[in-house]
Amino acid sequence: MGKVEKNFVVQGRGIVKDFPAGDEMIRVLHGIDISLSYGELVMLVGPSGSGKTTLLSIITGILTPTSGDVFINGEELTNISDLEKVQHRLKNIGFIFQQFNLIPALTAVENAAVPLIAANVPYGEALKASKDVLTKIGMGDQLDKIPVHLSGGQQQRVSIARALVHDPKFIVCDEPTSSLDAHTGHVVMEILKSIVSRANRSVLVVTHDSRIFEFADRILFMDDGRIVKEEKRVKK
Numbered sequence: 081m082g083k084v085e086k087n088f089v090v091q092g093r094g095i096v097k098d099f100p101a102g103d104e105m106i107r108v109l110h111g112i113d114i115s116l117s118y119g120e121l122v123m124l125v126g127p128s129g130s131g132k133t134t135l136l137s138i139i140t141g142i143l144t145p146t147s148g149d150v151f152i153n154g155e156e157l158t159n160i161s162d163l164e165k166v167q168h169r170l171k172n173i174g175f176i177f178q179q180f181n182l183i184p185a186l187t188a189v190e191n192a193a194v195p196l197i198a199a200n201v202p203y204g205e206a207l208k209a210s211k212d213v214l215t216k217i218g219m220g221d222q223l224d225k226i227p228v229h230l231s232g233g234q235q236q237r238v239s240i241a242r243a244l245v246h247d248p249k250f251i252v253c254d255e256p257t258s259s260l261d262a263h264t265g266h267v268v269m270e271i272l273k274s275i276v277s278r279a280n281r282s283v284l285v286v287t288h289d290s291r292i293f294e295f296a297d298r299i300l301f302m303d304d305g306r307i308v309k310e311e312k313r314v315k316k
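Residue 316, in this note's numbering, is where the sequence shown stops; the numbers in between run on with no holes.
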């Protein structure tokens with residue numbers, strides 16, 4: 081195991097993943113190296129079956145690689161227990177999903193507070209932190225509404241607040257704009273981009289949506305379990 085670089089929020093080295101298929105093992109990731117710096121928004125794109133979901137699951141500690149090392153915020157993930165991985169995710173990683181995954185019976189402010197409540201933060205303190213984050217992203221007047229009374233864009237903002245409320249350094253977005261129209265998708269990406277630059281976080285966006293490529297600092301292209309191309313974006 082080599083030394084982890086301190087300027088990276090995420091660092092994966094030589095990531096290999098095999099899955100059993102009958103009497104054989106099928107290799108779905110072939111020695112991938114990946115890193116994300118503080119203050120960087122990176123997009124991961126590629127066809128279905130290219131290995132994006134498997135790679136995402138490994139660098140967030142949901143799956144264990146067959147071989148290779150993964151570090152998040154300087155902490156090694158590969159050889160810790162499942163409970164330690166859960167605790168690590170609660171502390172260091174925020175998740176934003178395509179389908180929002182909000183709890184229907186909870187209000188916006190309660191939904192956004194879920195990671196803090198799961199981490200045993202006192203309820204009142206969790207709601208205050210949630211309210212502060214929601215207000216910063218333009219949802220201060222929607223705090224007491226349940227998801228069914230919010231638009232798709234508003235629900236995605238609640239999911240963004242939920243990803244930010246515990247102040248993680250690494251935010252993972254799985255197809256965050258694919259359920260949104262072009263305008264709302266751009267608004268969501270502008271929020272994410274401002275978070276990256278203002279709070280020095282690292283954001284990884286898995287997407288098929290070429291409309292949002294302009295927001296990336298880098299785009300990583302995957303195919304057949306490998307990163308086959310890296311494109312650095314020129315800032316206007």
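The C-beta atom is built at its ideal place from N, Cα and C for all residues, glycine as well.
Please read all numbers here as calculations on a predicted model, not as lab measurements.
Taking buried to mean at least 16 other C-beta atoms within 10 Å of its own C-beta, is residue i buried or exposed?
i: V268; result: buried
i: L309; result: Reading the sequence as shown, one finds Lys at residue 309 and not Leu. With fewer than 16 other Cβ atoms within 10 Å, it is exposed.
i: S161; result: exposed
i: S277; result: exposed
i: N153; result: buried
i: G92; result: buried
i: K312; result: exposed
i: L300; result: buried
Name the residue from the options whose alpha carbon lies nearest to the alpha carbon of residue i.
i: E255; options: L284, T140, N191; result: L284
i: L272; options: A296, S259, D289; result: A296
i: F99; options: G305, A193, F301; result: G305
i: H168; options: E205, A192, R278, A199; result: A199
i: T56; options: T134, I152, G154; result: Since the first residue shown for the chain is 81 and the last is 316, residue 56 is missing from the structure and cannot be characterised.
i: G131; options: S231, A209, V150, I106; result: I106
i: G232; options: N280, L260, L109, G129; result: L260
i: I292; options: S258, D303, F301; result: S258
i: L143; options: I240, S128, L163, V125; result: L163
i: N181; options: V166, R242, L121; result: R242
i: I95; options: L124, D149, D212; result: D149
Any idea what DSSP makes of residue i, helix, strand or coil?
i: T188; result: According to the sequence displayed, residue 188 carries Ala and not Thr. A188 falls in the helix class under three-state DSSP.
i: V268; result: helix
i: M81; result: For M81, the predicted structure reports a pLDDT of 47, less than 50, and the residue's modelled location is therefore unreliable. A value from the coordinates is still provided. Here M81 sits in coil by DSSP.
i: G174; result: strand
i: L157; result: coil
i: V125; result: strand
i: K208; result: helix
i: K225; result: coil
Residue i bridges to which residues according to DSSP?
i: G92; result: I114, V150
i: E302; result: One point to set straight first is that residue 302 is Met, not Glu, in the sequence displayed. According to DSSP, M302 bridges with I307.
i: E104; result: A101
i: M219; result: The partner list for M219 (beta bridge, DSSP) is empty, contrary to what the question assumes.
i: E320; result: Outside the displayed range of the chain (81 to 316) lies residue 320, so it cannot be described from this structure.
i: F250; result: I173, S282
Would a check of beta-carbon distances place residue i closer than 9 Å to chain B?
i: E255; result: Given the protein chain composition of this structure (a single chain), no chain B is represented.
- Message: With three or more C-beta pairs closer than 8 Å as the rule, is the stretch 224-236 touching the stretch 178-188?
- Response: yes
- Inter-stretch contact (C-beta, 8 Å, three-pair minimum) for the stretch 246-254 and the stretch 160-174: yes
- Task: Tell me, please, whether the stretch 105-118 touches the stretch 287-294 by the rule of three or more beta-carbon pairs shorter than 8 Å.
- Result: no
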